[in-house]
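Going by the UniProt record's numbering, the final residue of the sequence shown carries number 657, and the count climbs one at a time with no gaps.
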Amino acid sequence: MRATAAYVGMLRLGRMCAGSPGVLGARAALSRSWQEARLQAVRFLSSREVDRMVPLPVGGLSYVQGCTKNHLLSKTVGRCLEATAQRVPEREALVDLHENVRLTFAQLKEEVDKAASGLLSIGLCKGDRLGMWGPNSYAWVLIQLATAQAGIILVSVNPAYQATELEYVLKKVGCKALVFPKQFKTQQYYNILKQICPEVENAQPGALKSQRWVCPGLVGGASFSIPDPFTYYSPCPLPQPLSLTILPTPRLPDLTTVISVDAPLPGTLLLDEVLAAGSTQQHLEQLQHIQQFLSCHDPINIQFTSGTTGSPKGATLSHYNIVNNSSILGERLKLHEKTPEQLRMILPSPLYHCLGSVGGTMMCLMYGATLILASPVFNGKKALEAISRERGSFLYGTPTMFVDILNQPDFSSYDISTMRGGVIAGSPAPPELIRAIINKINMKDLVVAYGTTENSPVTFANFPEDTVEQKAESVGRIMPHTEARIMNMEAGMLAELNTPGELCIRGYCVMLGYWGEPQKTGEAVDQDKWYRTGDIATMNEQGFCKIVGRSKDMIIRGGENIYPAELEDFFHTHPKVQEVQVVGVKDDRMGEEICACIRLKDGEETTAEEMKAFCKGKISHFKIPRYIVFVTNYPLTTSGKIQKFKLREQMERHLNL
1 MRATAAYVGM
11 LRLGRMCAGS
21 PGVLGARAAL
31 SRSWQEARLQ
41 AVRFLSSREV
51 DRMVPLPVGG
61 LSYVQGCTKN
71 HLLSKTVGRC
81 LEATAQRVPE
91 REALVDLHEN
101 VRLTFAQLKE
111 EVDKAASGLL
121 SIGLCKGDRL
131 GMWGPNSYAW
141 VLIQLATAQA
151 GIILVSVNPA
161 YQATELEYVL
171 KKVGCKALVF
181 PKQFKTQQYY
191 NILKQICPEV
201 ENAQPGALKS
211 QRWVCPGLVG
221 GASFSIPDPF
231 TYYSPCPLPQ
241 PLSLTILPTP
251 RLPDLTTVIS
261 VDAPLPGTLL
271 LDEVLAAGST
281 QQHLEQLQHI
291 QQFLSCHDPI
301 NIQFTSGTTG
311 SPKGATLSHY
321 NIVNNSSILG
331 ERLKLHEKTP
341 EQLRMILPSP
351 LYHCLGSVGG
361 TMMCLMYGAT
371 LILASPVFNG
381 KKALEAISRE
391 RGSFLYGTPT
401 MFVDILNQPD
411 FSSYDISTMR
421 GGVIAGSPAP
431 PELIRAIINK
441 INMKDLVVAY
451 GTTENSPVTF
461 ANFPEDTVEQ
471 KAESVGRIMP
481 HTEARIMNME
491 AGMLAELNTP
501 GELCIRGYCV
511 MLGYWGEPQK
521 TGEAVDQDKW
531 YRTGDIATMN
541 EQGFCKIVGR
551 SKDMIIRGGE
561 NIYPAELEDF
571 FHTHPKVQEV
581 QVVGVKDDRM
591 GEEICACIRL
601 KDGEETTAEE
611 MKAFCKGKIS
621 HFKIPRYIVF
631 VTNYPLTTSG
641 KIQKFKLREQ
651 MERHLNL
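Here it is, written out as structure tokens:
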């Protein structure tokens, strides 16, 4: 009682200091020591809440600590697969409709063991990096689990990457091996690799040695092949005058092994050959030996951020991050209460993305659920076909995916009676879309989830029993074993409830760091292990969090802070609007002006003047966009996230600014 009273007093004094210029100095001058004491008081009072399934903020401040009633798991992915295969060996684990693959958990475990020992047999070792580059497939799931079994670090490579992008990620993390299909649709994977590694055609499989040399200082970053690095010649005239020291560097110095999923290609191993090599008793015993030395804190996956704000960074996650995040998300979805028939997950989200690999593959593995891959890349019609044919009960996706599913012309012809819930995440979802998913796709147990790749990924999510309004107006409440705070970054202090600030996260879920970038890691994760999300959010008295926008997306118009998400929610109330994105564009007088990029519903027409008239009297005059632009699509990452920095650039060109 005395300790509690002391902390309450400390909290009250901190609030007085923060709110009254005359008490111990001005608000902005509140000392760091007092703010640390204030946070300590909030944490202490919050700690009394952690046994509650729904901990609440205390003291009127935007800080909450998740429930810690259940212990975190100290298991590797391999041990989790082994446990599930022993518990439900005959239950379907994976269904790939495109490739007509069906495996039980016992069969999947056997194939994963062969693939893991096969990777070891071709010379890969614990800690080596292996890139998986391609669309959703059985091979993707197999490689994801096999690398974890063998202690190899999986590098999730965006399947849309072209030569320059591929070279960047392979060099960034020092990939020793790369796995891909020959091609998918117009994406010629092997030919793209040859652009940066032409010698693969003449290499011995598994013994590739990059001979592509780059001369630092050469105009344009040009490169050329040098058979003998000590003898220089140019296959084409070089720019003059040329004054540089020739320091040839291999273009892909670490890449030694290229594995083709589906076709024999020069210089590559076939995935089937790797599986065959791993079937021998010698290599299976080698795998068992290595597994004894794997730690749950070892790195398991490098997920490159999707590039919505610039160059991708390699967020490095451990077994501990991924196993626990998938387990806790499944707990929030109440999967432990479901029957086997209710554990059939349709996954249109890409596996290279954290929502797909953790919320999809890993969560199914943890709970003995069936993972159903509807198609190699998202297709709204294929998703509906999978629900109907496979009696799907849960569906995962981004807002854009759900919009496309709902807009299928023959939507009403599919049997979706078995649907119960799922997850929507990846970018903000308007309230009208949430209501449509719940009511039209029969997803009563839908949860809106929020997270970042750097947080493994989910940190906030609704409970299935939350009201439609709570799901439509927030990203839910804090996940177990996770702390969240919203900071007034200008004042350097905790924000009051219902006040916008930058959302910060701490807990088991925070990444190990950005691979090879300690400076950027330090900028994102402070000395107290708080990860700065860069998202502007608010928290209410019940602990519900609402994402207002990105700190980098916030528009400052003539000194007024304007949050795009607020305006986007407003425009979604217009009956003709299908989708809207709001960005700030440069302006000589105001600094920035507001530009609303609106996609209308099919068959609808309107004008910019009509849209502005719709705003008058409903939102503040300074929030009414100066520019209204009607668009048919937005620049997207392959995971469905809208790239606002590209949209902003497009609008500034379009408006001749």
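Cβ coordinates follow ideal geometry from the N, Cα and C atoms, glycine included. A quick note: this is a predicted structure, and the numbers were derived from the prediction, not measured.
Ranked by Cα distance from V468, the first of C595, L433 and I556 is L433. For I192, no beta strand (DSSP E) run applies; the uninterrupted alpha helix (DSSP H) run containing it begins and ends at Y189 to I196, by DSSP. The secondary-structure analysis by DSSP pairs Q303 across a beta bridge with S156 and A315.
According to DSSP, Q581 shares a beta bridge with C597.
Counting along the chain, I619 sits inside no alpha helix (DSSP H), nor does DSSP assign it H or E at all. Nearest to S456 by alpha-carbon distance, out of Q286, Y189, L275 and T316, is T316.
Measuring C-alpha to C-alpha distances from A160 to each of V169, E454, I152 and I153 identifies V169 as the nearest. For E560, the uninterrupted beta strand (DSSP E) segment begins and ends at E560 to I562. With a 10 Å radius around the Cβ and a threshold of 16 neighbouring Cβ atoms, S295 comes out exposed. Where C296 is concerned, there is no enclosing alpha helix (DSSP H), because DSSP gives it neither an H nor an E. Residue pairing by DSSP puts M539 in a beta bridge opposite C545.
When G131, K601 and P431 are compared, the shortest CA-CA separation from T257 is found for G131. Annotation: L373 to N656 spans about 44 Å, alpha carbon to alpha carbon. The continuous alpha helix (DSSP H) containing C80 extends over residues V77 to R87. Going by DSSP, L365 is part of the alpha helix (DSSP H) stretching over M363 to Y367.
Here I153 is buried: its Cβ has 16 or more other Cβ atoms, across all protein chains shown, within 10 Å. Shown here for E566: not one same chain residue has a beta carbon closer than 6 Å to its own, the five before and five after excluded. Using a Cβ distance threshold of 7 Å, T533 and T400 do not count as a contacting pair. Its chain contains L406 as the residues whose beta carbon lies nearer than 7 Å to that of A436, once the 5 sequence neighbours on both sides are disregarded; these appear in chain order. Separation of the CB atoms of G476 and F402 is rounded to 17 Å, and the pair is thereby denied contact status at 8 Å. Around the beta carbon of P350, 16 or more other beta carbons sit within 10 angstroms, so the residue counts as buried. Our two residues, G60 and L395, have alpha carbons roughly 36 Å apart in a direct line.
For Y627, there is no enclosing alpha helix (DSSP H); the enclosing beta strand (DSSP E) has its first and last residue at Y627 to F630. In this structure, the CA atom of G123 is about 28 Å from the CA atom of F184. The C-alpha of R648 is placed about 18 Å away from the C-alpha of V548. Going by beta carbons, I619 and E592 fall outside the 7 Å limit. The DSSP-derived three-state label of N488 is strand. As computed with DSSP, A177 is found in a beta bridge with L130 and T257.
Rounded to whole angstroms, the gap between the alpha carbons of Q204 and P518 is 36 Å. A207 sits in coil when the DSSP states are folded into three classes, being neither helix nor strand. Residue environment analysis places M53 among the exposed positions, since fewer than 16 neighbouring C-beta atoms fall within 10 angstroms of its C-beta. About 6 Å separates the beta carbon of A115 from that of G278, a gap short enough to meet the 8 Å contact definition.
Per DSSP, the unbroken beta strand (DSSP E) holding Y396 starts and ends at F394 to G397.
In the structure shown, A148 falls within a helical segment according to DSSP collapsed to helix, strand and coil. For R344, DSSP records a beta bridge to T370. Assignment of beta-bridge partners to A449 by DSSP yields A461.
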